[in-house]
Amino acid sequence: MKKIIILISLLFSLSMADSTLLIKKGWQLIGSSVSLQDMSKFSLKNVEQVWHFDATTQTWLGYSPDSTIQKKIEAQNIGTLSHLKSWHGFWIKSKEDWTMVFEDKILSSQPVQATSSDVIELKKGWNLISLPIDTVVSPDIFKGMTTWKYNDTQWELANNTVETSNIPKLGHIKNSDGIWLKANEDKNISIIDESLKLHNFNSDEEILTFIKERASIDKRLICGIEPFNEALTFTAEVAVSADTASNTSSTNLQESDVDESDILKHNDKYIFYVGKENDKRGHINVTSFEDLTKKSKSTLATISLDESQNIDSFYLTEDKLTVLSMSYDNQVQTFINVFDISDINNIKNISETIIDGSLKNSRVINNNLYLISSFYPQYDISYPKEYLTISSPCEDYVNGEITTNSDHTSCYGINKDTDGYFRYNYDEPDIKTVQLLPKISSNTLNSQTLVTPTKLFASSKQEQSTTITSISNFSIDDGTYLQSTSYIGNSAVEYASSNSLYLVSNDYPFFYDFNNYKSRSQIYKFDFDANLSYKAVGSVYGTTLNQFSLSEHESILRIATTEGFSWGNSVTKNTLYTLKENNKFLNIEGTLSGLGKEGETIKSVRFIDTKAYLVTFRTTDPLYTIDLSNPKAPKKMGELEVNGYSAYLHPIGDDKLLGIGQDSDESGVRQGVKIELFDISDFENPSSLDSITLDQGTHSELETNHKALAYRPIDNLFAFPFSNYASEFNNYQRSNHLGIYQVDNDSLKSYEGLEDNNSDWGEHRGLIFDLNNTTYVSFFSQDSVITKELTTKEN
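Numbering (the working numbering), first residue to last: 119 to 913.
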């Protein structure tokens, strides 16, 4: 039995829908998650009697639409059941299969405040309950209480204190399930809060059972999996000695003490950068600063991976190069290869590790690599058909011969094949497992399961993805695998301070009920301690833009989110939250809402100590300055409105802020890349000092990837790649450029840039350095490298 959503209309904005509860003939124990103010839903045609157990008085209440039966109920001095709360379970005896229809306003494009409670009021003793919101949870949320569910034909029991083997174990609870629960005391339970908590496991068998249970709810097919592929090759040419460069730009980091991987890194003598051939990033080139100034076309060495591997990025730490790549041949796998580069003439591959799943992100802190990977359990799932005898209106409905005067709500989900009419039974799926858990192997480690029961965590909310997200710790000195911590769920955004890792998932729950359209993000916190410990979980409304939407300062997490969309007639809500860890929860300390005009969404955020800078946009760019010195009361201090928006914000000293994004006309149409310099010395009155707008149709990778910025603070020189493919002078062909600029006091200065002839859509990087008292700028565009001496300014 399920609560089914039937969309009545789906136009440009989703507005109205009905939900129907399919009820079978005979006795059933069910719930509706919708409050019933009276008993009018239970008609004489369909229903014989309805019963609810009043936990407050520990007595039964009954109702029948049949006056004769109702009189018998009253004659037994049994109270009359007059209404049902959203969390009340009830027994119902139906005369036939029928559908109870609830008229709901759902999926509105306008988010509203929650009006339905997720709290169940338990009383000491027996309670007959259901879930008051549209969700599926594990019975673990009622841990320590005896919990029974009647599943149409048999009882299921959770938290079993009875020594018996013939009672099936209760696996999950849907909002349409009625539950018998015995509580030891009066207690209110928030379903959202309880299902948000994470728990670990006691055994591998318990893990597999949990994943299968969640897979049975998931309803999505996932393909099979094949064995590892571990080949790697390395080629090198004879290297030459190289002079050391100075004042070099390096990878642009969010946190200065947390390294991030990139496609270009250097050690002031040699430069390592990812090359591309036949649309595949399969090798890393090595050159020197000296060769760049000589405009040499040759490389000192080339590190080539197996043809199945595609390089994502790498780290350079002292004399070790750690390469992260992925393979998609027969299954998705992540590779970690560590190279000893102490002798550039004899680069050695000292370690190779393979993890099942895709690479999500990574960080390096104190020579420890923390790699975040995502594994999708591999299984095949099918659903048995239940053949039906249906009415003429349903035959017309299935055959596409419906009339406007007929009621077809009872026909939902009916299909037809050569054997007749049927519905799929989603409650009893046939699951054939292929591989449910990720594995790890290396040149020094035999293949083993990546996750362990005590370090795998899962929430009690079960209608989520079965994806396993893992954080794996390696020594970057030799690639030794140290440990992993995992949870069942997705990660959309990853942020790391020097102490903690925060993973943000917007799976929980995107639509937490069907009466309110509110997106919600769940935040998992892990510590970079000796055990890679899971610390806490929290939840906020809205979704985050990227990693810069989060920041940790003095044990306080700051996070900025947007609810709603900027298109159509949507109403949006931009909010900044502060959260603090306490007893396994990230509790909200303070909020600041009302940022941005109607329909505007967050385009960029930058947290600097106790201050925040936030940009929203729809047609213009309001830049907000926010005081976070009191985490319990974030305060908007200033606001500046300019055309366009900044997609990335970069601090320039203590009193200036650089913004790179898009210019726009009065209607909000993008015009091209815009660079803007802001004065933030007066925190309450930010102002624009200068701006540069590039040609119409230009876009920059920097708008979505902060590592595309090359910046050196010694003289505020900066460079970033941009593309232009909207000019009639190049027949609308894409061209790649490196723009070179400088913050000169209160002005922006532009230098003659670099242009690459290829029209590749891949990532590009710039590099600024001094050698022999001369400043150079290099443009890395796949295997092509262009270098020029910085001498003349355009303005």
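Even glycine gets a Cβ: it sits at the ideal position worked out from N, Cα and C.
Quick check: what's the CA-CA separation for residue i versus residue j?
| i | j | result |
| --- | --- | --- |
| L758 | F735 | 12 Å |
| T811 | T662 | 28 Å |
| V733 | N705 | 25 Å |
| F703 | I677 | 15 Å |
| T369 | S334 | 44 Å |
| V237 | F208 | 17 Å |
| N467 | S460 | 12 Å |
| E519 | C512 | 9 Å |
| P749 | I726 | 14 Å |
| H768 | F840 | 17 Å |
| K643 | D498 | 32 Å |
| Q582 | I329 | 11 Å |
| V376 | F898 | 24 Å |
| A765 | S818 | 10 Å |
| F432 | L410 | 21 Å |
| D386 | K753 | 43 Å |
| L154 | T177 | 20 Å |
| T452 | K438 | 19 Å |
| N293 | N269 | 13 Å |
| S578 | V569 | 19 Å |
Quick check on DSSP: helix, strand or coil for residue i?
| i | result |
| --- | --- |
| L568 | coil |
| Y659 | strand |
| S590 | strand |
| I325 | helix |
| K698 | strand |
| F666 | helix |
| S510 | helix |
| F897 | strand |
| P257 | helix |
| D409 | helix |
| Y775 | Before going on, a small fix: residue 775 reads as Leu here, not Tyr. It is a strand residue. |
| S609 | coil |
| R724 | strand |
| K242 | coil |
| Y843 | coil |
| H290 | coil |
| E784 | coil |
| H824 | helix |
| K653 | strand |
| S480 | strand |
Sorted by chain position, which residues of the same chain lie with C-beta nearer than 8 Å to residue i's C-beta, five sequence neighbours on each side aside?
| i | result |
| --- | --- |
| K534 | V516, N517, F540 |
| G538 | Y505, L506 |
| D773 | D797, I798, S799 |
| I483 | D375, V376, D377, A614, S616, F646 |
Looking only at C-alpha atoms, which of the options sits nearest to residue i?
| i | options | result |
| --- | --- | --- |
| D430 | T420, L442, A419, D437 | L442 |
| Y488 | Y446, D647, Y391 | D647 |
| E784 | D458, N761, G777 | N761 |
| E881 | D888, S782, D901 | D901 |
| E595 | T892, T435, F838, Q789 | It should be pointed out that residue 595 corresponds to Asp in this sequence rather than to Glu. The candidate whose alpha carbon is nearest that of D595 is T435. |
| S500 | I465, P547, S528 | P547 |
| Y494 | N485, N306, V552, N455 | V552 |
| N875 | P740, I589, P804, N854 | N854 |
| L668 | E794, V903, Q372 | Q372 |
Looking only at its own chain, which residues have a Cβ that is under 7 Å from the Cβ of residue i, when we skip the five neighbours before and after it?
| i | result |
| --- | --- |
| M755 | T743, I744, D745, F801, E802 |
| N164 | S212, K213, E214, W216 |
| D380 | T369, S431, K825 |
| E716 | V689 |
If I measure Cβ to Cβ from residue i and keep anything under 6 Å in the same chain, skipping five residues before and after, which residues do I get?
| i | result |
| --- | --- |
| E344 | The predicted position of E344 is uncertain, since its pLDDT is 31 and thus under 50; a value taken from the coordinates is nonetheless stated next. Answer for E344: N448, Q449, listed in chain order. |
| K143 | S212, E214, D215 |
| Y659 | K636, R638, E681 |
| N479 | I490, E612 |
| S364 | D888 |
| I389 | T405 |
| R338 | With a pLDDT of 37 at R338, under the threshold of 50, the modelled position of this residue cannot be trusted; read the value that follows with caution. Hits under 6 Å: none found. |
Hey, would you say the C-beta of residue i is under 7 Å away from at least one heavy atom of the ligand HEM?
| i | result |
| --- | --- |
| F260 | Among the components modelled here there is no ligand, and therefore nothing to report on the ligand HEM. |
(message) Does the structure place the region 163-170 close enough to the region 317-333 that three or more beta carbon pairs sit under 8 Å?
(response) With a cut-off of 8 Å, the region 163-170 and the region 317-333 do not count as touching, because too few Cβ pairs lie within range.
(request) Decide if the region 190-206 is in contact with the region 257-266; the criterion is three or more beta carbon pairs, one per stretch, under 8 Å apart. (result) no
(request) Determine contact between the region 562-569 and the region 297-317, defined as no fewer than three beta-carbon pairs at a distance below 8 Å. (result) no
(message) Across the region 415-422 and the region 398-406, are there enough close Cβ pairs to call them in contact, namely three or more that are closer than 8 Å?
(response) yes
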